[in-house]
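According to this note's numbering, the sequence shown is numbered sequentially starting from 81. Glycine is no exception: its CB is placed at the ideal position from the N, C-alpha and C atoms. Predicted model only: the values in this text are computed from it and were never measured. Read through the structure below, which is laid out as structure tokens, and then see the notes.
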Amino acid sequence: MPLDSKIPAGPLADKWDRHKFELKLVNPANKRKFNIIVVGTGLAGGSAAASLAELGYNVKNFCIQDTPRRAHSIAAQGGINASKNYQNDGDSTWRLFYDTVKGGDFRAREANVYRLAQVSGNIIDQCVAQGVPFAREYGGTLANRSFGGAQVSRTFYARGQTGQQLLLGAYSALSRQIAAGKVTMYPRREMLDLVVAGNRARGIVVRNLISGQIEKHAADAVVLCTGGYGNVFFLSTNAMASNVTAAYRAHKRGAFFANPCYTQIHPTCIPVHGTYQSKLTLMSESLRNDGRVWVPKKAGDTRPPSQIPESERSYYLEEKYPSFGNLVPRDVASRNAKEQCDAGRGVGDTGLAVYLDFADAIRRDGRDVIAKKYGNLFEMYEKIVADDPYETPMMIYPAVHYTMGGLWVDYNLMSNLDGLFVLGEANFSDHGANRLGASALMQGLADGYFVLPYTIGGYLAQVTPGEIDTDNAAFDQTAATAKKRIEHLLAVDGKRTVDDFHRQLGLIMWDYCGMARNDAGLEKAIGLIKELRGEFWENVTVPGSAGDFNQSLERAGRVADFLEFAELMVKDALHRKESCGGHFNEGHQTEENEAKRDDENFCYVAAWEHTGIDSEPALHKESLEFENVKLTQRSYK
Ligand SMILES: Cc1cc2nc3c(=O)[nH]c(=O)nc-3n(C[C@H](O)[C@H](O)[C@H](O)COP(=O)(O)OP(=O)(O)OC[C@H]3O[C@@H](n4cnc5c(N)ncnc54)[C@H](O)[C@@H]3O)c2cc1C
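Written out as structure tokens, the structure reads:
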């Protein structure tokens with residue numbers, strides 16, 4: 081099937097304005113005839129649901145949590161990018177666009193990224209108008225700090241709680257629409273399947289997580305904003321409920337999954353402590369504004385950091401990348417940390433950590449200034465590690481954090497299935513092979529506040545409202561499939577817990593499809609995943625029943641999907657015989673161990689079509705055309 085990205089013609093800077101004008105409009109009086117389902121209430125879903133309702137559409141909004149405010153977006157710490165150039169340090173729409181395309185290792189669509197940079201400033205205005213308490217300078221103007229992969233300060237922040245504050249902004253807009261009757265909120269619902277009829281998305285099937293009841297919901301369009309799938313690795317910085325189920329079930333119904341192997345491993349996380357752990361904690365990238373990364377020069381040096389003199393320390397990022405120093409992009413910083421630890425220079429009990437040291441910054445700016453910027457992050461670190469980062473360097477190590485892959489969407493954010501739109505981390509769209517820090521919040525809010533409200537109108541203007549309701553046979557068939565799967569999970573009645581399977585899957589993914597990959601390891605992983613999946617369906621134990629609140633059952637469904645999806649990730653990684661961004665294949669590296677792309681053969685988006693669990697997925701390629709940016713070997717030196 082040919083993939084039409086629907087990128088508008090014309091000069092890059094004019095494409096979005098022109099497209100907005102050319103899109104068909106839905107007359108205000110007709111908007112109330114359309115029903116739209118939005119799944120997810122994070123920054124993407126919350127902003128989309130509120131904006132669509134404000135426009136006059138009827139919205140049904142679903143989430144797993146007991147309230148929209150508990151979506152994973154609330155965990156975002158460091159900030160949100162926008163090219164306002166408040167610092168007068170040379171920022172511009174063009175620079176944000178360029179940094180993002182380069183940061184993604186030239187594997188993103190130029191037109192999407194340019195639009196993202198164009199609307200970035202509007203997001204900040206919108207959030208300020210909602211009352212989001214961004215950090216301010218003494219004189220009252222909005223403050224900025226720097227994030228990786230940029231030499232300007234363009235990151236707006238609210239201490240280490242940016243996601244929480246932005247989500248409260250979106251939630252207040254959403255609450256207004258709930259009160260106005262334009263949004264009906266369905267918390268504690270898990271989407272189990274997409275209803276497709278006549279190659280169009282027509283609705284969803286959900287499980288009421290309190291009563292266990294299976295419900296059917298019809299609409300004129302379905303918008304998935306269900307977040308990322310980093311939890312396929314078991315250990316990640318994502319919220320426990322983050323999952324791939326909604327996106328993967330849509331994939332099984334025909335939506336293409338793009339670039340699933342592009343995973344972001346964040347360099348600044350608290351290292352793994354032991355096998356009892358089920359979660360990893362991010363220490364925000366913002367810390368690398370002031371913290372200096374180092375390891376002892378001598379391998380196997382076990383002295384405490386205070387006893388290692390300056391001359392025996394290696395500030396390896398500053399030495400290797402003098403232009404960007406500690407603020408190189410995440411993929412580069414993570415790979416370098418791994419390289420140091422692999423060479424025996426890692427620190428801490430496991431040797432799988434490097435130091436992040438604030439001593440110089442505290443000497444320079446004083447403890448109070450550092451506490452103002454990062455106080456809550458320092459407290460969090462101390463609570464978890466029982467070490468005071470004001471006195472002794474933090475220890476950090478890379479951890480799974482974000483997934484650049486997602487459902488394939490065109491310029492309008494519509495998947496290859498008519499009527500199915502995908503926003504935020506759940507789509508693949510703007511970050512290529514590596515996302516720059518503080519760009520996920522920007523993308524989620526751009527999608528929800530400023531892109532979808534236009535593009536969905538272009539689609540709805542061409543369809544008849546309410547054509548199909550839940551009486552249609554497709555709803556019964558889809559609901560029956562969901563019920564059968566639940567019954568199957570409960571009937572296995574085996575011996576191993578869901579978490580036990582999940583942990584083993586995570587280890588396979590980390591060992592063979594993690595920070596570094598190679599062909600032999602990836603091939604081995606495919607076999608191991610298949611084997612584990614086979615055992616899961618014979619030996620998993622899921623206590624409780626279907627007609628009740630049952631978190632084991634919820635998790636079992638999600639892990640069952642991860643066990644299928646993981647294989648697709650590995651196959652995608654195996655087919656991409658190059659290294660780029662978060663996909664580092666050891667067989668494809670430069671002499672200096674940097675990712676070596678193959679632009680001649682792999683300058684495309686890999687969009688996979690599901691053809692059955694036991695058959696090979698079909699690959700569809702969307703060629704990436706770079707008309708405005710020259711493809712180069714990425715350098716941060
Ligand atoms: C610790 C941490 C810190 C971060 N800090 C930053 C930062 O400083 N800056 C930045 O730009 N990015 C940051 N990120 C990334 C960013 O937070 C996420 O990419 C972004 O918030 C994702 O938003 P979203 O709306 O796409 O999805 P989410 O916020 O993950 O929301 C998903 C929603 O979908 C719902 N859902 C999921 N599956 C289903 C289902 N099957 N049925 C029904 N509902 C479902 C959930 O209930 C939830 O409401 C951070 C990420 C982490 C993990």
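Judged by beta-carbon spacing, Leu500 lies beyond the 8 Å limit of His331, meaning their Cβ atoms are not closer than that value. Leaving aside the five residues that flank Gly524 on each side, the residues in its chain whose CB is nearer than 8 Å to its CB run, in chain order, Gly122, Leu123, Ala124, Ser127, Ser153, Cys305, Leu503, Gly504, Glu505. Below 8 Å, too few C-beta pairs join the region 188-195 and the region 218-235 to call them touching: fewer than three.
At least one heavy atom of ligand 1 sits closer than 7 Å to the Cβ of Cys143.
Check the Cα spacing between Arg410 and each of Leu516, Lys563, Gly158: the tightest is with Leu516. The Cβ neighbour count for Ser291, taken over all protein chains shown within 10 Å, is under 16; the residue is labelled exposed. Assignment of Arg597 by DSSP, reduced to helix, strand and coil, places it in the strand class. Take the alpha-carbon of Asp573 and the one of Val106: they are about 52 Å apart. At a cut-off of 7 Å, the beta-carbon of Ser386 does not count as near ligand 1: no heavy atom of the ligand is closer than that. Ligand 1 never approaches Ile476 closely enough for any of its heavy atoms to be under 7 Å from the residue's Cβ. In this structure, Gly692 has its CB at a distance of at least 7 Å from all heavy atoms of ligand 1. The C-alpha of His663 lies about 7 Å from the C-alpha of Ala596. Here Leu397 carries a helix assignment [DSSP, helix/strand/coil]. Closer than 7 Å to some heavy atom of ligand 1: that does not describe the Cβ of His297. Under the DSSP assignment, Gln198 falls in the alpha helix (DSSP H) whose first and last residues are 190-210. Distances from the CA of Asn311 to each of Met589, Val449, Leu436 were compared; the closest alpha carbon is that of Met589. DSSP places Trp488 in the coil class of the three-state scheme, outside both helix and strand.
At a Cβ-Cβ threshold of 8 Å, Val622 and Ala636 count as neighbours.
Where Ala479 is concerned, the enclosing beta strand (DSSP E) starts and stops at 474-483.
By the Cβ criterion, the region 328-348 is in contact with the region 397-417, since at least three pairs of Cβ atoms, one from each stretch, lie closer than 8 Å. Around the CB of Ala479, 16 or more other CB atoms lie within 10 Å, so the residue is classed as buried. In the DSSP assignment, Asp556 falls outside any beta strand (DSSP E) and lies within the alpha helix (DSSP H) extending over 553-572. Exclusion of Tyr461 from the 7 Å shell around ligand 1 follows from its C-beta lying no nearer than that to any non-hydrogen atom of the ligand. For Gln245, the shortest C-beta to heavy atom distance toward ligand 1 is 7 Å or greater. In this structure, DSSP gives Glu671 a state outside helix and strand, which the three-state scheme calls coil. Counting along the chain, Ile284 sits inside the beta strand (DSSP E) bounded by residues 280-288. If you draw a 10 Å sphere on the C-beta of Lys463, you find fewer than 16 other C-beta atoms in it, and that means exposed.
Of the candidates Pro545, Phe114, Asn630, Met484, Met484 places its Cα closest to the Cα of Ala686. Rounded to the nearest whole angstrom, the CA to CA distance from Gly201 to Asp171 is 12 Å. Rounded to whole angstroms, the separation of the alpha carbons of Leu103 and Asn288 is 37 Å.
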